[in-house]
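Under numbering that gives the first Met the number 0, the sequence shown has 31 at position 32, and the numbering climbs by one with no breaks.
By construction, the Cβ of each residue, glycine as well, lies at the ideal position given by its N, Cα and C atoms.
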Amino acid sequence: MSSKLEILNALKLSALTNHPMPSIDVTPRVENLVGQFETNLNTVAGTLHKDGGVQALQAKVDELIAQGLQVISLVDGVTANREVPPTAHELRDIDYAVIPGEIGVAENGAIWVNNKNLGHRVTPFICENLILALPTDKIVPNMHQAAKEITLASGEFGVFIAGPSKTADIEQALVVGAHGACSLNVYLL
Numbered sequence: 000m001s002s003k004l005e006i007l008n009a010l011k012l013s014a015l016t017n018h019p020m021p022s023i024d025v026t027p028r029v030e031n032l033v034g035q036f037e038t039n040l041n042t043v044a045g046t047l048h049k050d051g052g053v054q055a056l057q058a059k060v061d062e063l064i065a066q067g068l069q070v071i072s073l074v075d076g077v078t079a080n081r082e083v084p085p086t087a088h089e090l091r092d093i094d095y096a097v098i099p100g101e102i103g104v105a106e107n108g109a110i111w112v113n114n115k116n117l118g119h120r121v122t123p124f125i126c127e128n129l130i131l132a133l134p135t136d137k138i139v140p141n142m143h144q145a146a147k148e149i150t151l152a153s154g155e156f157g158v159f160i161a162g163p164s165k166t167a168d169i170e171q172a173l174v175v176g177a178h179g180a181c182s183l184n185v186y187l188l
């Protein structure tokens, strides 16, 4: 028997037996989900806009357009000055992307977005600034609840976004926007 086979056989003998995944029964805090979400979103450098809904979001987009910025909107009822381009490369000069979020998580301020609502997968990462529109009734207490509501068909893409892009180097210097959006604003609808 070769050394390779001896090693593989020894590994088979030392393999752990399969065990079922543990049942996690976490009782979530359900009081003031919007408050919890706002606190945790602020912790990850995001900003929550609770009042005004679609009208407030449209007013912000109008203000950005008046400043000469390039804005793309994938939220129904919000009109911007750029359409979804045929290729993702044409998104390179987008200043603001307005995207619908599907689920907000109160315990960490994360928002689930799915490629069904992104136009291109790269949209939330290539724009300079990101605005997510989230229905207030879609805020859940924790990731356990969020995982129960998420579905992805084969070939679909989804991601939790928690604040703008951030990274820190060896010197502990925090850089915001190094790998994606420099700011994150969330509008509750």
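Roughly how far, in whole angstroms, is the beta-carbon of residue i from the beta-carbon of residue j, given that I think they are within contact range, below 8 angstroms?
i: Gly108; j: Phe36; result: 6 angstroms
i: Leu90; j: Val121; result: 7 angstroms
i: Ile23; j: His143; result: 6 angstroms
i: Pro123; j: Val139; result: So it is not a contact: roughly 20 angstroms between Cβ atoms.
i: Gln57; j: Thr78; result: 7 angstroms
i: Asn114; j: Pro99; result: That belief does not hold up - the Cβ atoms of Asn114 and Pro99 are roughly 12 angstroms apart, past 8 angstroms.
Starting from residue i, follow the beta strand (DSSP E) in both directions and report where the run begins and ends.
i: His48; result: 45-48
i: Thr166; result: 165-167
i: Val74; result: Looking at the DSSP string, Val74 is not in any beta strand (DSSP E), and its letter there is neither H nor E.
i: Leu173; result: 173-175
Output the boundary residues of the alpha helix (DSSP H) element that contains residue i.
i: Glu11; result: The amino acid occupying residue 11 in the given sequence is Lys; Glu does not appear at that position. 2-13 is the span of the alpha helix (DSSP H), which, as asked, contains Lys11.
Excluding sequence positions up to five away, which residues of its chain have a Cβ less than 8 angstroms from the Cβ of residue i?
i: Leu94; result: According to the sequence provided, residue 94 is Asp. The question's Leu does not apply to it. Result list for Asp94: Leu63, Leu68, Gln69, Val70, Cys126, Glu127, Asn128, in chain order.
Per DSSP, what kind of secondary structure is residue i in: helix, strand or coil?
i: Thr42; result: helix
i: Pro140; result: coil
i: Leu133; result: strand
i: Pro123; result: helix
i: His156; result: It should be noted that the sequence gives Phe, not His, for residue 156. Phe156: coil per DSSP, three-state reduction.
i: Leu56; result: helix
i: Gly100; result: coil
i: Ile110; result: strand
i: Ala145; result: helix
i: Val33; result: helix
i: Asn128; result: strand
i: Asn116; result: helix
i: Leu188; result: coil
i: Leu183; result: strand
i: Leu68; result: coil
Looking only at its own chain, which residues have a Cβ that is under 6 angstroms from the Cβ of residue i, when we skip the five neighbours before and after it?
i: Glu106; result: Asn141
i: Thr135; result: Leu187
So, at 7 angstroms on beta carbons, what are the nonlocal neighbours of residue i in its own chain, with the 5 sequence-adjacent residues on each side left out?
i: Lys137; result: Glu101, Ile102, Gly103
**OP:** Could you tell me whether the segment 111-131 touches the segment 67-75, where touching means 3 or more Cβ pairs closer than 8 angstroms?
**Re:** As far as the Cβ criterion goes, the segment 111-131 touches the segment 67-75, which means the pair count is three or higher.
Subject >> At least 3 beta-carbon pairs within less than 8 angstroms: the segment 78-92 vs the segment 26-35 >> reply: Judged by Cβ distances under 8 angstroms, the segment 78-92 makes no contact with the segment 26-35, as fewer than three pairs qualify.
Subject >> Inter-stretch contact (C-beta, 8 angstroms, three-pair minimum) for the segment 39-51 and the segment 176-186 >> reply: Contact holds: three or more Cβ-Cβ distances are below 8 angstroms.
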